[in-house]
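**Student:**
Residue numbers (the numbering used here), protein chains in the order written: chain Z, 1 to 190; chain S, 1001 to 1190.
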């Protein structure tokens, strides 16, 4: 029982460090974030951060590990694919954008090459294969980039820049508004 | 003549400071950019930067003043509007993205509220009215945000993140690929 408690406390500490790290990386980007500041935010000693994560690079990699949790798009009828894609990302972001690893990563990726590389890997490793399951590899290769641009553009405009014309829409209106655009892009590949 | 020479040299110095400031803001964002670094890049004394611009905020405002130079969209037939819009931004960015004030501003705007506010003003003050001239104010209000999201998404994915699926396309292919998406969004407002 004691070991279980310690393990559970360890998991909580780890989660607290990752949450603090995501917030720091989000607000300040990679370069300006220090292990010391993350430790202070998580209310623990910096040596504990080092013990759990080794160094800042590894902490960044773990804090910003992005699992898009895309559904199996191969099981979605092609006519429903555009809406399923847009809805998936909107639902992901409507919860708490400041705790969403993809948006945090995006914040860092515009000025930090390490984060940009991680972003490229995330899309190449998750979005492109998910689209390939639905459209086949050749069609997916032709449109994956432009579809990613549209989804990221939405995340950027609504959750990071908060452009009034996008913020004023309900989540359903965003899905309804962007779905025809993604549909048009997918149709281009046919 | 002496006064004129001083004025001309002053204009050159001013331009050199603004160029250096744009590069620094682009590479490092607002917070990490210092007057001292900008002055060093422009090869002048920091006191001169203060004399010309007062402080970092004002330097930022002048360096990142964005004129989208949108054409009179009211003169474009509606069927050609989507392509005209996409082509305008692609041509703007294909030159030298690192010197484009809009992309520089975008880099800062994801982590800096001052830059985000400037971004919102730029779109509200330039894109929305340009669309209103073509679509009327009500239709423009319904779609300006989502159109902005698509154009910014392209700028983000191709020029800042350099996602392979977008970078691999020619400029013409980008225009051809994104035009149907913008067309679908505009059609939603009809």
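Note that CB positions come from ideal geometry on N, CA and C, so glycine has one too.
Measure the C-alpha to C-alpha separation of residue 1090 (chain S) and residue 1177 (chain S) and round it to an integer number of angstroms.
**Tutor:** As a first step, residue 1090 (chain S) must be located in the second chain, where it is residue number 90. As a first step, residue 1177 (chain S) must be located in the second chain, where it is residue number 177. Residue 1090 (chain S) and residue 1177 (chain S): Cα-Cα distance of roughly 12 Å.
**Student:** Would you report the Cα separation of residue 59 (chain Z) and residue 1144 (chain S), rounded to the nearest angstrom?
**Tutor:** Position 59 of the first chain holds residue 59 (chain Z). Position 144 of the second chain holds residue 1144 (chain S). So the two alpha carbons sit approximately 39 Å from each other.
**Student:** Using a beta-carbon distance below 9 Å, is residue 188 (chain Z) in contact with chain S?
**Tutor:** Here residue 188 (chain Z) refers to the residue found at position 188 when the first chain is read from its first residue. By this cut-off, residue 188 (chain Z) is an interface position.
**Student:** Relative to the alpha-carbon of residue 1168 (chain S), which residue among Z:86, Z:151, Z:182 and Z:141 has its alpha-carbon at the smallest distance?
**Tutor:** If you number the second chain from 1, residue 1168 (chain S) lands on position 168. Comparing Cα positions, the closest option is Z:141.
**Student:** If we ignore side chains and look at the alpha-carbon of each, how far apart do residue 1056 (chain S) and residue 162 (chain Z) end up?
**Tutor:** Taking the first residue of the second chain as position 1, residue 1056 (chain S) is located at position 56. Taking the first residue of the first chain as position 1, residue 162 (chain Z) is located at position 162. Each residue's alpha carbon lies about 24 Å from the other.
**Student:** Under 9 Å, do residue 1101 (chain S) and residue 1109 (chain S) count as touching if we go by C-beta distance?
**Tutor:** Position 101 of the second chain, counted from the start, is the residue given in the question as residue 1101 (chain S). Position 109 of the second chain, counted from the start, is the residue given in the question as residue 1109 (chain S). In this structure, residue 1109 (chain S) does not lie closer than 9 Å to residue 1101 (chain S) by Cβ.
**Student:** Would a check of beta-carbon distances place residue 143 (chain Z) closer than 9 Å to chain S?
**Tutor:** Within the first chain, numbered from 1, the residue matching residue 143 (chain Z) stands at position 143. Output row for residue 143 (chain Z): interface = yes.
**Student:** Helix, strand or coil: how does DSSP classify residue 181 (chain Z) here?
**Tutor:** Start at 1 with the first residue of the first chain, and residue 181 (chain Z) comes out as number 181. Residue 181 (chain Z) falls in the helix class under three-state DSSP.
**Student:** To the nearest angstrom, how far is the alpha carbon of residue 72 (chain Z) from that of residue 133 (chain Z)?
**Tutor:** Within the first chain, residue 72 (chain Z) is the residue found at index 72, counting from 1. Within the first chain, residue 133 (chain Z) is the residue found at index 133, counting from 1. If I take the Cα positions, the gap works out to 8 Å.
**Student:** Work out the CA separation of residue 1041 (chain S) and residue 1014 (chain S) for me, nearest whole Å.
**Tutor:** Within the second chain, residue 1014 (chain S) is the residue found at index 14, counting from 1. Within the second chain, residue 1041 (chain S) is the residue found at index 41, counting from 1. Distance between the alpha carbons of residue 1014 (chain S) and residue 1041 (chain S) is about 13 Å.
**Student:** Specify, as a first and last residue, the run of the alpha helix (DSSP H) that residue 1120 (chain S) falls within.
**Tutor:** The residue given as residue 1120 (chain S) occupies position 120 in the second chain. From DSSP, the alpha helix (DSSP H) with residue 1120 (chain S) extends over 1113-1122.
**Student:** Determine the direct distance from the alpha carbon of residue 1146 (chain S) to that of residue 194 (chain Z), and round the result to whole angstroms.
**Tutor:** Residue 194 (chain Z) is absent from the structure shown; chain Z starts at 1 and stops at 190.
**Student:** Helix, strand or coil for residue 1134 (chain S), going by three-state DSSP, please let me know.
**Tutor:** Sequence index remark: in the second chain, residue 1134 (chain S) carries index 134 (1-based). DSSP places residue 1134 (chain S) in helix when its eight states are reduced to three.
**Student:** By the DSSP assignment, the alpha helix (DSSP H) with residue 1107 (chain S) in it spans what residues?
**Tutor:** Mapped onto the second chain, residue 1107 (chain S) falls at position 107. Here the alpha helix (DSSP H) through residue 1107 (chain S) covers 1101-1109.
**Student:** Hey, residue 1182 (chain S) and residue 1151 (chain S): beta-carbon distance below 9 Å or not?
**Tutor:** Within the second chain, the letter at position 182 stands for residue 1182 (chain S). Within the second chain, the letter at position 151 stands for residue 1151 (chain S). The answer is yes: Cβ separation under 9 Å.
**Student:** What does the alpha-carbon distance come out to for the pair residue 1074 (chain S) and residue 16 (chain Z)?
**Tutor:** Start at 1 with the first residue of the second chain, and residue 1074 (chain S) comes out as number 74. Start at 1 with the first residue of the first chain, and residue 16 (chain Z) comes out as number 16. Cα to Cα, the separation comes out at about 54 Å.
**Student:** Given 8 Å as the limit, tell me if residue 1136 (chain S) has its C-beta closer than that to any heavy atom belonging to the ligand FMN.
**Tutor:** With respect to the ligand FMN, the structure offers nothing, as it holds no ligand at all.
**Student:** If the cut-off is 8 Å on Cβ atoms, which residues from the stretch 115-137 of chain Z count as contacting chain S, listed in chain order?
**Tutor:** Per Cβ criterion, the list reads 116, 119, 120, 123, 124 and 128.
**Student:** Taking only the alpha-carbon atoms, compute the straight-line gap between residue 1097 (chain S) and residue 1159 (chain S) and give it to the nearest angstrom.
**Tutor:** Taking the first residue of the second chain as 1, we reach residue 1097 (chain S) at position 97. Taking the first residue of the second chain as 1, we reach residue 1159 (chain S) at position 159. Taking the straight line from one Cα to the other gives about 7 Å.
**Student:** Does the distance from the CB of residue 1122 (chain S) to the CB of residue 1066 (chain S) come in under 9 Å?
**Tutor:** As a working mapping, residue 1122 (chain S) is identified with position 122 in the second chain. As a working mapping, residue 1066 (chain S) is identified with position 66 in the second chain. Yes. Within cutoff.
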